[in-house]
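Here the sequence shown stands for residues 16 to 564, where the numbers follow the numbering used here.
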Amino acid sequence: MHPLYSASSAPIKNSASLASLGTINCFGVECDPMDRIERSEDFFVIDSSRVVRAIDLGDERTVWTRVPGFIRSNKQLLGYPGRNICLIDDLRFYNLYKENSGWPILYDLTAECAVYLGGHPEAFTDFKLLDDSYDKFDWDIHCEHLETLIVNQHFEEAWDFVEDSSLRPHANHPRFQFAIGALGLKAGRYFVAKRAFHQAQQMGHPDGFKSELIAWSKATQNFREENFLPFGALDRGNRTGALIHLRALRKKDPILANGPLAYCLRGTPYDLEGIEVCYEGLMLDGEQADLYGHLWSFLTERENDSEALRIAQDHIRLYPEDLSALTNGIDSALLLGKETLAKYYSHAYLTRAVNLNSALYNLFKVFEPSRNWTQLNEFFLFIVPLMRACTPRTLYLQGEILLELGEMDPAFEYLERAMRAAPEDAQTLLAYGRALGRAGRYEEAIQFISTVVADKNRDDDIGYQTLFLKLLSELLRYQGRSQEALAVWPNRTQFSPSFLSAVGPQPFVEYAICLYENGYMVEARQVLNLVEQKFPRERSVLAIVEIMK
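Next up, the structure:
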């Protein structure tokens, strides 16, 4: 028996009996240990380790989502908010609540609730007593009963239990919904399972999203087997071959065909068709995470960044545990110059991510435009020691941060570790070349990057090829060799709007500076006008435009 049961075996009549419980953790639920938030008819039990982590990061959005969301939904469910008690097991969280500093939404939602913190009796100022009819966490008992029926394969009895109207209030618990999803998988009712898992992940169940994808795969298995030609082509990597068949299947079964069709249309000239497919699919069934991702990509490629951000936000709202949704939100926010929003999403990503290397990369992307290297370095210094292993990218990002802070020796230690780990990686080579330049070792840097550019065995994509040319051009200009720098750019006709979208503004800015320094004033302004239209808020572009006026 859980210790909370024994402590609650008699009706709770006063605050002292609650205080005797001390620190309260989540119980009886398979959930992320960083996000232990549970509900009953009278209690919120919150082990706020993830919330505290969000507070440490200044992540208001996670705090709003993880705590007030549960309070709000429980109030609507129960209909008598005055009897709710919020058990928040952390002094810092209590201080945040008490000070009402930065989180007015949280204060408004908890104003009608008594608030208790384990081990902190000063929170009992406006404590409201429960009467003798306190229910001993019935939801936990019901969830265990349903899970027992599923394990013992008593599926008919389990379905009867789920459909019992008296259990309706408990059906809004993530564990109960997850159990319904598991029952649906066992019984072959895959669409029911998908819906239940979707509800569970929206309520914060850490395995809900992953299980929803499994249920959807099971639900569409017969469709894939019946239409083996397009899906066989997809298995072989032949998206073009699958495209023709999927267009025909879309007319017969758009809900099941639109997702694979949108995937096949990615990277083709048919992006408008892809957008139409995604919107149609989401109108028919708005709970398809893959369609949100495909639609975001199509809109971003067409430079419709405002609509892309809206789609990313819808994706985050429906799938809060889908990290790709947060990544898309970060990228769209940065493209629109919404750095504060991008920081919110990067912090939310960090509080959810299993792979902290990816989380650190997102933080780097977000903080780089503002050049807030000191705060970014604090993140890395705090997080990197917690990791079992760092990818080469994390190592060279740490090195770049230290370079910006002027700490050359430790910076080169990180960069050389990255070089040893991935000697052919383009990002690592770029970082090392930049480091040589910033350290004043220009000739060594020019030789290093020239060797990379001349290596015909490399198969870098056009983006990295251009970044190598940009760096080489910069290094030559710093040495007063402007004509050689301009000669680095072999094919000026490649500077088109589509190419600009692929490589970003910085290579264009460097090319414009080379033109300007070599007396090609008109051409330089033409290039900058093109960049300014695409990136109207880019600070480096605006600075150069001002100089060349």
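We put the CB at the ideal spot given by N, CA and C, even for glycine.
How would you call residue i, buried or exposed, if buried means at least 16 neighbouring beta carbons within 10 angstroms?
i, result
"Q214", "buried"
"P189", "buried"
"I477", "exposed"
"E227", "buried"
"F397", "exposed"
"A208", "buried"
"S312", "buried"
"R332", "exposed"
"G452", "buried"
"G308", "buried"
"M298", "exposed"
"L401", "exposed"
"K485", "buried"
"T466", "exposed"
"R449", "buried"
Can you give the Cα-Cα distance for residue i and residue j, rounded to whole angstroms?
i, j, result
"G492", "L482", "Inspection of the sequence shows that residue 492 is occupied by Arg rather than by Gly. Straight-line Cα distance between these residues: approximately 15 Å."
"D329", "D286", "21 Å"
"G334", "F170", "Sequence check: residue 334 is Tyr here, not Gly. If you take the alpha carbons of Y334 and F170, they lie about 29 Å apart."
"T366", "E489", "38 Å"
"E172", "L164", "7 Å"
"Q521", "I270", "42 Å"
"K225", "Y364", "16 Å"
"N242", "L338", "31 Å"
"A22", "L430", "Summary for A22: the model assigns pLDDT 26, below 50, so the residue's position carries little reliability; its value from the coordinates is reported in the next sentence. Answer to the nearest angstrom: the Cα atoms are 55 Å apart."
"G196", "Y376", "34 Å"
"Y411", "L261", "43 Å"
"L310", "R204", "29 Å"
"L543", "C279", "35 Å"
"Y8", "V468", "Look at the range of the chain in this structure, 16 to 564, and you will see that residue 8 is not part of it."
"L418", "Y479", "21 Å"
"E538", "I461", "26 Å"
"L306", "E295", "10 Å"
"R456", "V503", "20 Å"
"P221", "I562", "52 Å"
"F463", "L391", "28 Å"
"D440", "Y535", "35 Å"
"G223", "C529", "53 Å"
"T315", "V524", "22 Å"
"F191", "K266", "37 Å"
"I416", "R435", "19 Å"
Give the range of the alpha helix (DSSP H) segment to which residue i is assigned.
i, result
"Q548", "M536 to K549"
"L244", "F243 to D250"
"S385", "Neither: S385 is in no alpha helix (DSSP H) and is coded neither H nor E."
"Y278", "P269 to L280"
"N343", "L338 to L350"
"H330", "D320 to L333"
"R14", "This structure leaves residue 14 out entirely; the chain is present only between 16 and 564."
"G308", "A304 to E316"
"Y285", "Counting along the chain, Y285 falls outside any alpha helix (DSSP H), and DSSP gives it neither H nor E."
"E178", "Per DSSP, E178 belongs to no alpha helix (DSSP H) and is neither H nor E."
"P221", "Segment: none, P221 is in no alpha helix (DSSP H) and carries neither H nor E."
"R190", "P189 to A202"
"Q521", "Q521 to E532"
Pull up the CB-CB distance for residue i and residue j, whole angstroms please, since I reckon it's below 8 Å.
i, j, result
"A194", "C158", "6 Å"
"P407", "A433", "4 Å"
"S347", "A327", "5 Å"
"L349", "P384", "7 Å"
Just to check, is the beta-carbon of residue i closer than 7 Å to a non-hydrogen atom of the ligand PLP?
i, result
"S312", "The ligand content of the structure shown is nil, which means the ligand PLP is not present either."
Problem set entry | Start-end ranges of the alpha helix (DSSP H) lying completely within the region 469-511, minimum 4 residues | Counting only runs of 4 or more, we get 477-493 and 497-502.
Exercise. Of all the alpha helix (DSSP H) runs that stay within the bounds of the region 380-461, which reach a length of 4 or more residues?
Worked result: Counting only runs of at least 4 residues, the region 380-461 fully encloses the following alpha helix (DSSP H) elements, listed from N- to C-terminal order: 388-398, 407-419, 423-436 and 441-453.
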